Amino acid sequence: EDQVTQSPEALRLQEGESSSLNCSYTVSGLRGLFWYRQDPGKGPEFLFTLYSAGEEKEKERLKATLTKKESFLHITAPKPEDSATYLCAVQAPGKLIFGQGTTLQVKP
Amino acid sequence: DAGVIQSPRHEVTEMGQEVTLRCKPISGHNSLFWYRQTMMRGLELLIYFNNNVPIDDSGMPEDRFSAKMPNASFSTLKIQPSEPRDSAVYFCASSPLYQETQYFGPGTRLLVL
Numbered sequence: 001e002d003q004v005t006q007s008p009e010a011l012r013l014q015e016g017e018s019s020s021l022n023c024s025y026t027v028s029g030l031r032g033l034f035w036y037r038q039d040p041g042k043g044p045e046f047l048f049t050l051y052s053a054g055e056e057k058e059k060e061r062l063k064a065t066l067t068k069k070e071s072f073l074h075i076t077a078p079k080p081e082d083s084a085t086y087l088c089a090v091q092a093p094g095k096l097i098f099g100q101g102t103t104l105q106v107k108p
Numbered sequence: 001d002a003g004v005i006q007s008p009r010h011e012v013t014e015m016g017q018e019v020t021l022r023c024k025p026i027s028g029h030n031s032l033f034w035y036r037q038t039m040m041r042g043l044e045l046l047i048y049f050n051n052n053v054p055i056d057d058s059g060m061p062e063d064r065f066s067a068k069m070p071n072a073s074f075s076t077l078k079i080q081p082s083e084p085r086d087s088a089v090y091f092c093a094s095s096p097l098y099q100e101t102q103y104f105g106p107g108t109r110l111l112v113l
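Take a look at the structure:
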């Protein structure tokens, strides 16, 4: 069964304290792995798509990496405005399967 | 680019009433998805359409739920009759083609009393 597990469920960081979020997946034939950011009261906002092991993508303080079994979202020197829930999803035939998300809080 | 548009943004109704949620996808996108988000179950796919045709409705919880896409720029999700356990945030998303990046709307927050 296709499955996505994210850890930790919640993460508190001080501003400038770098860390990583984990997304472990089980899917028959990965067609793509997606990272989204969701702010309270809003819809998920697309961040990255990764297609093959070894691929990396960056956007400002965020960098996503992919292996054959998991993906990491690295946050370098985070700022309070990076506080949000980060969702990981894998592309199964015709649909995305989402993890439960990691809620990140960055304190000034 | 207006993005995905959903209405209403908030809906409060009483158990047993009919609820209709509306979605306008991004112009030119050929795939449309309806999701439900709750604290307990996270984000779940209910149904998706390709070129206005329903492809997979296996996520629709019960016969009380129905979805239509009469044309490329409009879709509805209807719940009849509504129940308190239907309370959730309902998202619509669209993508240019099948299996490409999905772009989400702001959601409709539904509360059934």
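Top to bottom, those sequences are chains A and B.
Just so we're aligned, residue 1 is where the first sequence starts under this note's numbering, counting upward by one.
Just so we're aligned, residue 1 is where the second sequence starts under this note's numbering, counting upward by one.
Idealized CB from N, CA, C, for every residue including glycine.
The model shown is predicted, which means the values in this text are computed figures rather than measured ones.
Since I believe residue j is in contact with residue i (beta carbons under 8 angstroms), could you give me their beta-carbon distance rounded to a whole number of angstroms?
i	j	result
B/Leu-32	B/Met-60	Contact doesn't hold; Cβ gap of about 14 angstroms is too wide.
A/Thr-90	A/Leu-13	A small correction: the amino acid at residue 90 of chain A is Val; Thr does not occupy that position in the sequence shown. The pair is not a contact, with the Cβ atoms about 26 angstroms apart (cut-off 8 angstroms).
A/Phe-34	B/Thr-38	Rounded, the Cβ-Cβ distance is 20 angstroms, inconsistent with contact.
A/Asp-2	A/Ser-28	7 angstroms
Might you give, ordered along the chain, the residues of its own chain that have their beta carbon closer than 6 angstroms to the beta carbon of residue i, omitting 5 neighbours on each side?
i	result
B/Pro-96	His-29
B/Leu-111	Val-12 and Ser-87
A/Thr-103	Ala-10 and Thr-85
A/Ser-7	Asn-22
If you check the beta carbons only, do residue i and residue j fall under 8 angstroms apart?
i	j	result
B/Tyr-35	B/Leu-21	no
A/Phe-48	A/Lys-57	yes
A/Ser-109	A/Phe-98	Past the boundaries of the shown model lies residue 109 of chain A; chain A is included only from 1 to 108, so the question cannot be answered.
B/Met-15	B/Ser-66	no
B/Lys-78	B/Val-19	yes
What does the Cβ neighbour count give for residue i, buried or exposed, with the cut at 16 atoms within 10 Å?
i	result
B/Ser-27	exposed
A/Pro-78	buried
A/Ala-92	buried
B/Ala-199	Because residue 199 of chain B is not part of the residues shown, which for chain B are 1 to 113, the question remains open.
B/Ala-2	exposed
B/Thr-108	buried
B/Pro-25	buried
Near-chain A residues of the segment 4-32 of chain B (beta-carbon distance less than 8 angstroms), N- to C-terminal order: Val-4
Contact list for the segment 47-59 of chain A against chain B, Cβ threshold 9 angstroms: Thr-49
Short-range partners of chain A found in the segment 46-63 of chain B, where Cβ spacing is below 7 angstroms: Tyr-48, Ile-55 and Asp-56
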